[in-house]
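Reading through the C-alpha cells given below for one structure.
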Amino acid sequence: MLLMSAYRSPYYSQLLLENFANPAGAGGLSAPDVTGEAGSRRCGDLVRIDLQVRNGVATDAGFRAYGCPAAIAGASEVVRRIRGRTVLDAARVGWASLLADLELPPERRSCVEAGVDALHQALQSLISRDVPLTPQGGARDPRGVVVGMSGGVDSAVAAVRLLEDGLHPIGVTFRLWSDPACGLDNACCSPEAVRDARDLAHQLGLAHFVVDLSQKFYAEVVEYFVAEYGQARTPNPCARCNAAVRFGELLELADRLGAEWGATGHYARMLQPEGSLARGQDPDKDQSYVLALVDPGLLRRMLFPLGELTKPAVRELARERGLTVHDRPESQEICFVPDDDYRRFLRERLPEAPGPIVDREGRRLGSHEGLYGFTIGQRRGLGISASQPQYVVALRPEQQTVVVGPGEAADVHRVVVGEVVLHRKSLPAQAEVQLRSSGGSTRAEVETGPEDRLILSLSRPVRGVAPGQVAVLYSQNRVVAAGTIIGTD
Numbered sequence: 000m001l002l003m004s005a006y007r008s009p010y011y012s013q014l015l016l017e018n019f020a021n022p023a024g025a026g027g028l029s030a031p032d033v034t035g036e037a038g039s040r041r042c043g044d045l046v047r048i049d050l051q052v053r054n055g056v057a058t059d060a061g062f063r064a065y066g067c068p069a070a071i072a073g074a075s076e077v078v079r080r081i082r083g084r085t086v087l088d089a090a091r092v093g094w095a096s097l098l099a100d101l102e103l104p105p106e107r108r109s110c111v112e113a114g115v116d117a118l119h120q121a122l123q124s125l126i127s128r129d130v131p132l133t134p135q136g137g138a139r140d141p142r143g144v145v146v147g148m149s150g151g152v153d154s155a156v157a158a159v160r161l162l163e164d165g166l167h168p169i170g171v172t173f174r175l176w177s178d179p180a181c182g183l184d185n186a187c188c189s190p191e192a193v194r195d196a197r198d199l200a201h202q203l204g205l206a207h208f209v210v211d212l213s214q215k216f217y218a219e220v221v222e223y224f225v226a227e228y229g230q231a232r233t234p235n236p237c238a239r240c241n242a243a244v245r246f247g248e249l250l251e252l253a254d255r256l257g258a259e260w261g262a263t264g265h266y267a268r269m270l271q272p273e274g275s276l277a278r279g280q281d282p283d284k285d286q287s288y289v290l291a292l293v294d295p296g297l298l299r300r301m302l303f304p305l306g307e308l309t310k311p312a313v314r315e316l317a318r319e320r321g322l323t324v325h326d327r328p329e330s331q332e333i334c335f336v337p338d339d340d341y342r343r344f345l346r347e348r349l350p351e352a353p354g355p356i357v358d359r360e361g362r363r364l365g366s367h368e369g370l371y372g373f374t375i376g377q378r379r380g381l382g383i384s385a386s387q388p389q390y391v392v393a394l395r396p397e398q399q400t401v402v403v404g405p406g407e408a409a410d411v412h413r414v415v416v417g418e419v420v421l422h423r424k425s426l427p428a429q430a431e432v433q434l435r436s437s438g439g440s441t442r443a444e445v446e447t448g449p450e451d452r453l454i455l456s457l458s459r460p461v462r463g464v465a466p467g468q469v470a471v472l473y474s475q476n477r478v479v480a481a482g483t484i485i486g487t488d
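Listed below in C-alpha cells is the structure:
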C-alpha cells in the first residue's frame, strides 16, 4: 500500500489508483436490502452495487465488479460517495463528476457509467419498496418539488426555472410500458431516454430517481385504450395517463421524499390564490386540455413552470443554459406506440371483425377490417370512392358497420358528457368547450343531466366529435369542468 501511494502513473490519476488498490466495499454486502447491476461481460465491464438503507440513509454499501481498472475504481468511488449519506445524496451521483474526479478522458465514460447505472438500478428497486426514503423525523421541505423529467427540453427547462426560483427540485422519470414490437430506441421511456433524463438532472445538480410504473400504466392506460377502440370509441390516452397514473404517482413520491410540490413541463398554469387550472399563455402549446381530468386536489399541489412561456422561448432558455436538448425535436406519436402505427397496434390486440361501409341510406359502399381503423369525422383513408367527399358519421359496433355521409352529416350540435370532474363547485350557464386536443373551442350552454352528466348545447355545429374523447369547459381560460364524451347528436 505504501508503494502504491507513492506510485505515480502516467495513465491513471492518484484517486483512481487509490480506489483500485484499496477499493471500498469490494466483494459486496452479505445481506443487502437492494442491489443493482449494469454493464455486461460482452462490453467488458459488469458492476453490481449493494445497498443497506435505514430510515433514508445508506448505512452501508458494497460492490462487485468485473472489468478494467477504471470500472473497478469507479464502482469503489461510487461506494465511497454514498456510504453514510442520505438516499437523496446518493441519487445525485452521476458519471460526469466521477469521470472528472478520476481524471479519465471522455472515451472512458462507459467504464464509470456502469457503476453509476448499477447504483441507480438499486435506487429504483428501493423506490419500489414501502420503506422510508428520508431520515426519520425530518421536516417536510416547503420548497421541495419533485419534477417529472422525460429527457426532453420542456421538462429540463421546467427544472431550470424551479431552481432559479429558489426551489429545491428532485428529478423523477417514470418507466412506462412500450410496445415491444416497436423496439425502444425512440420511446419516451427507453433506457436511452431514462439515461438522458438522469444526465440532465445531474447536470443541474439534482437528485434523480426512476420509478417503474410499467404494470400500472399497462392496466390503466394501454388496456383502456384497446378496450375503448374495441367499443368504437376514440380515447385520449394522455389525458387518461395524467389522471389515473402520472400525477398521483408524482405526488406520492413527493410525500415519500418530504417535498411539498410536484411539477411537470406542461404548458398550463395554476392560478392563485384559489389554485385553479388555466390555459397556458401560448395558445399554440396550451396543454390544459390533457390535464383537466386530473383530480383538482392533486393539481393544487402542482407547479407548471412553462405556463407563461412559448416553445421558442423555452428552446432559447435551454440553449442559454447550455442544455444539449435545446434543439431536440418533439415527439408526436402515442408514447407506448413509438412507430405511430396505432392501427397495427390495435389489429394485433383486437379480434378480427370485418364489416360493411354504408351510406346513411344503408347502401353498401365498401368493406373494412375493423372499426378500430375509423373515428367519427374521419375523411381520408376510408377505402371507398364517391362523387363527393365522405365522412365517418357513425360507428355501429353491434353490426360492425361504418356509416359515412357528407360533411354536414358529421356536424354535432349537442354533446353529452359523463365521468365529470368538477374544478368549481358551481357551473356557469354558458362556457367555452373544447372537444378534442386541437381545433379550438366553441361556446355552449351547460345543463346538468341525469346521473350527474353534462349536456352541452353548442352555439355552432362542430364537425367530427367522437365519443371517448375529452370535453373540457372553460370560463375566462380557467377550467371549470371536464369529462368523457358519451353521446352526441
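Take numbering that gives the first Met the number 0: the final residue in the sequence shown is number 488, and no numbers are missing along the way. Think of the CB as a built atom: it goes at the ideal place given N, C-alpha and C, for glycine as much as any other residue. In this text the structure is predicted, and so the values were computed from the model without any measurement.
CB-CB length for residue i against residue j, believed under 8 Å
i: Ala481; j: Ala291; result: 4 Å
i: Pro105; j: Val144; result: Wrong, their Cβ atoms sit about 32 Å apart, outside the cutoff.
i: Pro396; j: Leu370; result: 6 Å
i: Val293; j: Phe246; result: 5 Å
i: Val432; j: Gly486; result: The Cβ separation is near 15 Å, so there is no contact.
i: Val92; j: Val77; result: 6 Å
i: Leu15; j: Glu102; result: 7 Å
i: Gly55; j: Thr133; result: 4 Å
i: Thr172; j: Val193; result: 5 Å
Opening and closing residue of the alpha helix (DSSP H) in which residue i lies
i: Ala253; result: 246 to 255
i: Val152; result: 152 to 163
i: Ala317; result: 310 to 319
i: Asp195; result: 190 to 202
i: His119; result: 108 to 126
i: Asp140; result: Careful: Asp140 lies outside any alpha helix (DSSP H), inside the beta strand (DSSP E) at 140 to 147.
i: Ala72; result: 68 to 81
i: Asp88; result: 86 to 89
i: Arg278; result: Where Arg278 is concerned, there is no enclosing alpha helix (DSSP H), although the beta strand (DSSP E) it sits in stretches over 275 to 278.
i: Ala231; result: Element bounds for Ala231: n/a, residue is neither H nor E.
i: Leu98; result: 94 to 100
i: Gly296; result: 295 to 298
DSSP state of residue i mapped onto helix, strand, coil
i: Thr487; result: strand
i: Asp44; result: strand
i: Leu15; result: helix
i: Gly61; result: strand
i: Pro168; result: strand
i: Trp176; result: coil
i: Leu132; result: coil
i: Asn185; result: Because the pLDDT at Asn185 is just 49, under 50, the model does not fix this residue reliably, and the point stays unresolved.
i: Gly26; result: coil
i: Gly380; result: coil
i: Pro355; result: strand
i: Val324; result: helix
i: Gln399; result: coil
i: Tyr10; result: coil
Residues near residue i in its chain [Cβ-Cβ closer than 7 Å; skip 5 each side]
i: Leu250; result: Gly261, Leu297, Arg300
i: Pro141; result: Glu259
i: Gly467; result: Glu227, Arg232, Thr233, Pro234, Thr483, Ile484
i: Thr374; result: Thr233, Val391, Ala465
i: Glu418; result: Gly482, Thr483
6 Å CB neighbourhood of residue i in its chain, flanking five on each side removed
i: Asp88; result: none
i: Gly43; result: Gly66
i: Leu345; result: Tyr228, Tyr371
i: Gly274; result: Arg299
i: Glu444; result: Gln429, Ser456
Burial state of residue i (16 or more Cβ within 10 Å)
i: Ala218; result: exposed
i: Lys424; result: exposed
i: Leu161; result: buried
i: Tyr10; result: exposed
i: Leu270; result: exposed
i: Gln475; result: exposed
i: Thr447; result: exposed
i: Thr58; result: exposed
i: Gln387; result: exposed
i: Pro31; result: buried
i: Pro460; result: exposed
Residue i, enclosing beta strand (DSSP E) - first and last residue
i: Ser366; result: 363 to 367
i: Gln433; result: 429 to 433
i: Glu444; result: 440 to 447
i: Arg452; result: Per DSSP, Arg452 belongs to no beta strand (DSSP E) and is neither H nor E.
i: Phe208; result: 207 to 211
i: Asp410; result: 410 to 421
Residues of its chain near residue i, where Cβ-Cβ distance is below 8 Å and the 5 sequence neighbours each way are ignored
i: Asn185; result: Residue confidence for Asn185 is low, a pLDDT of 49 falling below 50, so the modelled location carries little weight and cannot support an answer.
i: Val324; result: Gly150, Gly151, Val152, Ala155, Asp195, Leu199, Ala317
i: Lys215; result: Val244, Glu248
i: Arg327; result: Gly151, Val152
i: Asp410; result: Pro460, Val461, Arg462
Residue i beta carbon near the ligand ATP (any heavy atom closer than 7 Å)
i: Gly26; result: Questions concerning the ligand ATP fall outside what the structure shown contains, since it holds no ligand whatsoever.
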